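Input: a single structure, listed below in structure tokens.
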Amino acid sequence: MSADFTSIRNHNEQAVFAAVQDATDRYPGLADREDLLADVACVALNRLQPRYIRHKVDLAFYQTERERAEHDKAVADAVDYAFGFVQARTAMRARA
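In our numbering, the protein residues as written are 131 to 226.
Written out as structure tokens, the structure reads:
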């Protein structure tokens, strides 16, 4: 019998994906580039400590309000950084 690990996921993924979508109006040069938005999400996720959960309620139950606020800020900071990073790399490639 083998274990089923399909219910395990990184809690940051959905938060980052939503934050990337919400920030696209601030980055019009990237907003319509799905490939670059995926790059932004990857860069942002790599800046965050993974938080693996099986059920969303698992983390919500154990986090304090302060921890939730810190997480939200960390996600926002990582996404802002990632947009800047991808935007700069895209501009460098266009000049080359």
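In this text, a Cβ means the ideal position worked out from N, Cα and C, and glycines have one as well.
The structure presented is a predicted model; accordingly, all values stated were derived computationally and were not measured.
- By the CB criterion at 8 Å, ALA218 and VAL173 fall outside the cutoff.
- Apart from the 5 residues on each side of it in sequence, ALA171 sits with its Cβ closer than 7 Å to the Cβ of VAL146, PHE147 and VAL150 in its chain, given in chain order.
- Only buried fits ASN142, as 16 or more other CB atoms lie within 10 angstroms of its CB.
- When only Cα atoms are considered, ASN176 and THR154 end up about 19 Å apart.
- Remark: C-beta atoms of LEU189 and ARG196 do not approach each other more closely than 8 Å.
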